[in-house]
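This report refers to the structure that appears directly beneath it.
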Amino acid sequence: MASLSFQHVYKKYDGGVVAVSDFNLEVADKEFVILVGPSGCGKSTTLRMLAGLEDISEGEIYIEDRVINDVLPKDRDIAMVFQNYALYPHMTVKDNMAFSLKLKKMPKEEINRRVSEAAKILEIEHLLDRKPKALSGGQRQRVALGRAIVRDPKVFLMDEPLSNLDAKLRVQMRVEITKLHHRLKTTFIYVTHDQTEAMTMGTRIVVMKDGFIQQVDSPTELYDNPVNTFVAGFIGMPPMNFINATINVEGSDVYVSFENVTVRLPERYAVEEVMERDGQEVIFGVRPEAITDEATFVTDHPDTAFSADVDVVEMLGAETYLYVTVNGSLPLTCRVDPTTSQSAVGQVVDLAIDANRIHLFDKDTEQSIIS
Amino acid sequence: MEEIKKCMRQTKTILKQDVGVMDTNGLVIASTDPENEGRTDSSARAVMMSDDVFSGTADRTYMKVAIGEQFKYILYIQSDEPSARIYLELIAEWIKTAVKERGTDAEKELFTKNVLLENELQGEIPIKAREYKINCSEARIVFVVRSTREDGAEVLEILQNFYSDSESACVLAMDETTTIIVLNAEEAIGSEDERNIFIENSAKSVLDCLNNEGLTVFIGVGSFVSLFQHISKSYRDAMLALRVGKIFEKNCYISRYDKLGLGRLIYQLPATLCQMFIDEVFPNEAYKTLDDDTIVTIESFFANNLNGSETSRELYVHRNTLVYRLDKVKKNTGLDLRSFDDAVLFKMASMVRTYLEYLETSKDNMIR
Numbered sequence: 017m018a019s020l021s022f023q024h025v026y027k028k029y030d031g032g033v034v035a036v037s038d039f040n041l042e043v044a045d046k047e048f049v050i051l052v053g054p055s056g057c058g059k060s061t062t063l064r065m066l067a068g069l070e071d072i073s074e075g076e077i078y079i080e081d082r083v084i085n086d087v088l089p090k091d092r093d094i095a096m097v098f099q100n101y102a103l104y105p106h107m108t109v110k111d112n113m114a115f116s117l118k119l120k121k122m123p124k125e126e127i128n129r130r131v132s133e134a135a136k137i138l139e140i141e142h143l144l145d146r147k148p149k150a151l152s153g154g155q156r157q158r159v160a161l162g163r164a165i166v167r168d169p170k171v172f173l174m175d176e177p178l179s180n181l182d183a184k185l186r187v188q189m190r191v192e193i194t195k196l197h198h199r200l201k202t203t204f205i206y207v208t209h210d211q212t213e214a215m216t217m218g219t220r221i222v223v224m225k226d227g228f229i230q231q232v233d234s235p236t237e238l239y240d241n242p243v244n245t246f247v248a249g250f251i252g253m254p255p256m257n258f259i260n261a262t263i264n265v266e267g268s269d270v271y272v273s274f275e276n277v278t279v280r281l282p283e284r285y286a287v288e289e290v291m292e293r294d295g296q297e298v299i300f301g302v303r304p305e306a307i308t309d310e311a312t313f314v315t316d317h318p319d320t321a322f323s324a325d326v327d328v329v330e331m332l333g334a335e336t337y338l339y340v341t342v343n344g345s346l347p348l349t350c351r352v353d354p355t356t357s358q359s360a361v362g363q364v365v366d367l368a369i370d371a372n373r374i375h376l377f378d379k380d381t382e383q384s385i386i387s
Numbered sequence: 168m169e170e171i172k173k174c175m176r177q178t179k180t181i182l183k184q185d186v187g188v189m190d191t192n193g194l195v196i197a198s199t200d201p202e203n204e205g206r207t208d209s210s211a212r213a214v215m216m217s218d219d220v221f222s223g224t225a226d227r228t229y230m231k232v233a234i235g236e237q238f239k240y241i242l243y244i245q246s247d248e249p250s251a252r253i254y255l256e257l258i259a260e261w262i263k264t265a266v267k268e269r270g271t272d273a274e275k276e277l278f279t280k281n282v283l284l285e286n287e288l289q290g291e292i293p294i295k296a297r298e299y300k301i302n303c304s305e306a307r308i309v310f311v312v313r314s315t316r317e318d319g320a321e322v323l324e325i326l327q328n329f330y331s332d333s334e335s336a337c338v339l340a341m342d343e344t345t346t347i348i349v350l351n352a353e354e355a356i357g358s359e360d361e362r363n364i365f366i367e368n369s370a371k372s373v374l375d376c377l378n379n380e381g382l383t384v385f386i387g388v389g390s391f392v393s394l395f396q397h398i399s400k401s402y403r404d405a406m407l408a409l410r411v412g413k414i415f416e417k418n419c420y421i422s423r424y425d426k427l428g429l430g431r432l433i434y435q436l437p438a439t440l441c442q443m444f445i446d447e448v449f450p451n452e453a454y455k456t457l458d459d460d461t462i463v464t465i466e467s468f469f470a471n472n473l474n475g476s477e478t479s480r481e482l483y484v485h486r487n488t489l490v491y492r493l494d495k496v497k498k499n500t501g502l503d504l505r506s507f508d509d510a511v512l513f514k515m516a517s518m519v520r521t522y523l524e525y526l527e528t529s530k531d532n533m534i535r
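In the order they appear, the protein sequences are chains F and H. Quick note, this note's numbering runs 16 ahead of the 1-based positions in the first sequence. Quick note, this note's numbering runs 167 ahead of the 1-based positions in the second sequence.
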């Protein structure tokens, strides 16, 4: 168990490539922090710097109160789990789990104790005598986790550990890892490019892009209050709709207009940051679930209602996605309730936006206008 | 020693009596009860003096074991039953076989090393290979794993365990920082895609396996060869990949011989020719006038396929700032990076310069 601190950490490669820029993060003891972002955003590099597998170009990383920049990876008291299980194919599960402890010349009794304890936690006691070939993908992943657990590390580092699994197993292992975190009560740092994994597992999420931290927040905060269009678009599936719109202020009322549609914003938007943009273009963000075709809602909210042509209807069981076009040029995605939606392809449908759940971003900086 | 300990560990699962192996001075080197290891048995001297192969005390039976012509070990069993002698004889045979196999493994390893280093006559390789039960006509590929001096022994031990099945790979230490994996690649002899997947998966597995134990390594991947006699070529290619990768792709942990690109070409060029090229492209060391920000901008501009909008977005700079920086490059070097020809020239010259810097550093290291 340990807290972590990244202070102005940079990773610069020869030739000028900067993989990680001014990375600052405080991780509390027992936290489950997720680093998420698209490929090449620097999340794995950050994790590898923490593991000691990459040099730190600038800045300092602390585990508890100790600077670990120059500490050998073996002495950092961390354990890593990779996408590739890297199990020893000719060893049994038990030997696989015990191997790193044998390398450390740990007494046999202690090794046995740790292996059986980890096997019990992961519920793989019945697999201990099997070899990796005789295990399923999920079981192999558990063994890889077991190898990390037996080290009894202060921090667990996981680099896309579920990427090799099929979709169904990934969901199952997601739950297992979350449970494991509760059971072990240790600090977890988890890297993924999958925003669903990030949202469902982490207590806090660090969204990265091009080596920079974009936002660090709880899953709910990230979803409800993204600081810029990148975070807003990256978190959430289907992604947020971004519309070029114009702000119009009439007295104390604020409107946004796009494609002959005018939406009146709630009172909380009547603030200086918005009012001063009268007549200016902004990026108007609406999540698909904030656009509905429910008749009562549309009737009750004439201020935000508009019509659109339905291009595609995707029925997913618990929800339906409508892909619509406004005025023949603006494509939007809506997530509607299949039990009430009557929309069909080719129809003109009446829709309304839930104005309490909209976002406004600056057109140039792409940062959220209201913090 | 390890093979004798292994015999003892297996004996423990068969016999319920304490059995052990001592050297001729009575030091227990392996035992079914590990606590006895390191202890000395004072009866050893008397056992060695005895003319008989077997001797005994009140509760122990001893047997002298010869490897070749000489008595090398003393076996003991905690029993004076008549069956004790039979057990000892069986265990002695077992140990002799294990020791002999170990000897053969060492010879096989030495032979493979000699083939890699081209110290064997080509014509003799298939004949000797047959002796060591090596199938010459299987496709193979060589990986060179480079670690720090301190980690070398651990890297070898881990990889020997990772590839403990001698059919799939042969792992050997070339020196204290270099471990070689001669990997059987029969499963990858199909299409180009299959080869790529095989290389990527195998190299990534090795890297992750070692990273998992907190070891940082660089891996050079050689070319596929279809005959055992040609593994020296694959070894040479892997070494070249490692060297070229280290110069041009410093942040890359796996360098493949078949993916070296321009780096391979530049690496073959003589230093004088490289210097002439640099003097031509960057007269008066114009490159040195570019500051860090400009170099980062150029790298990003190249990475984004000379796309200004993407580059300015990635660098969080205004497009005009980017234009200003590119204009500065043009003014200082005479190369307009927005033009494809100039961009290619700049890219090549940068790589040549990196190579010259590497040569300079290696020369300095040699002098030191």
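Note that the Cβ used here is the ideal one computed from N, Cα and C, for glycine as well.
Where residue i sits in the DSSP three-state scheme
i         : result
Thr383(H) : coil
Asp508(H) : helix
Lys183(H) : coil
Cys57(F)  : coil
Tyr229(H) : strand
Thr202(F) : coil
Asp460(H) : helix
Gln383(F) : strand
His317(F) : coil
Lys371(H) : helix
Phe172(F) : strand
Gly223(H) : strand
Ala261(F) : strand
Pro450(H) : helix
Whole-angstrom distance between residue j and residue i, CA atom to CA atom
i         : j         : result
Glu266(F) : Ile299(F) : 20 Å
Val171(F) : Arg199(F) : 14 Å
Arg241(H) : Ser331(H) : The sequence given here places Ile at residue 241(H); Arg does not occur at that position. For Ile241(H) and Ser331(H), the distance between alpha carbons rounds to 30 Å.
Ile72(F)  : Val131(F) : 33 Å
Lys530(H) : Val411(H) : 16 Å
Val279(F) : Ala324(F) : 15 Å
Phe238(H) : Ser179(F) : 57 Å
Val448(H) : Glu481(H) : 28 Å
Gly154(F) : Lys184(F) : 10 Å
Ala197(H) : Glu380(H) : 28 Å
Arg163(F) : Leu173(F) : 12 Å
The beta strand (DSSP E) enclosing residue i, as first and last residue numbers
i         : result
Glu74(F)  : Glu74 to Ile79
Lys90(F)  : Neither: Lys90(F) is in no beta strand (DSSP E) and is coded neither H nor E.
Ala197(H) : Val195 to Ser198
Tyr402(H) : Tyr402(H) -> not in any beta strand (DSSP E); alpha helix (DSSP H) instead, spanning Ile398 to Phe415.
Leu16(F)  : This structure cannot settle anything about residue 16(F), because the visible part of chain F is limited to 17 through 387.
Arg313(H) : Arg307 to Arg313
Own chain, CB closer than 8 Å to residue i, minus 5 neighbours either side, in chain order
i         : result
Thr344(H) : Arg313, Ser314, Thr315, Arg316 and Gly319
Lys173(H) : Ala265
Gln327(H) : Val338
Tyr101(F) : Pro148, Arg156, Gln157, Val159, Ala160 and Asn180
For residue i, the first and last residue of its enclosing alpha helix (DSSP H)
i         : result
Tyr491(H) : Arg486 to Thr500
Ile433(H) : Leu429 to Gln435
Arg156(F) : Gly153 to Ile165
Thr236(F) : Pro235 to Asp240
Asp218(H) : Careful: Asp218(H) lies outside any alpha helix (DSSP H) and carries neither H nor E.
Gly249(F) : Thr245 to Phe250
Sequence-distant residues of its chain with Cβ nearer than 7 Å to residue i (five each side left out)
i         : result
Pro354(F) : Met331, Glu335 and Thr336
Cys419(H) : Gly412
Ala336(H) : Tyr330, Ile348, Val349, Leu350 and Asn351
Segment contact, 8 Å Cβ cut-off, at least three pairs: the region 223-237 of chain F with the region 368-377 of chain F: With the cut-off at 8 Å, the region 223-237 of chain F and the region 368-377 of chain F do not touch.
Three or more C-beta pairs below 8 Å linking the region 302-313 of chain H and the region 375-395 of chain H: When Cβ pairs closer than 8 Å are counted between the two stretches, the region 302-313 of chain H is seen to touch the region 375-395 of chain H, the count reaching three or more.
Any 3 or more C-beta pairs closer than 8 Å across the region 219-232 of chain F and the region 244-255 of chain F: Inter-segment contact for the region 219-232 of chain F and the region 244-255 of chain F is present: three or more beta-carbon pairs are separated by less than 8 Å.
Cβ contact (3+ pairs, closer than 8 Å) linking the region 182-191 of chain F and the region 112-120 of chain F: Not touching, per the Cβ criterion.
Segment contact, 8 Å Cβ cut-off, at least three pairs: the region 339-356 of chain F with the region 304-321 of chain F: Enough Cβ pairs lie closer than 8 Å, so yes.
The region 137-151 of chain F in contact with the region 119-127 of chain F per 3-pair CB rule at 8 Å: The region 137-151 of chain F is not in contact with the region 119-127 of chain F.
Stretch-stretch touch, CB-based, cutoff 8 Å, three pairs: the region 340-347 of chain F with the region 273-287 of chain F: Contact between the region 340-347 of chain F and the region 273-287 of chain F is present, with at least three C-beta pairs closer than 8 Å.
Stretch pair the region 251-262 of chain F + the region 498-512 of chain H: three plus CB contacts closer than 8 Å: Contact between the region 251-262 of chain F and the region 498-512 of chain H is absent, because fewer than three Cβ pairs lie under 8 Å.
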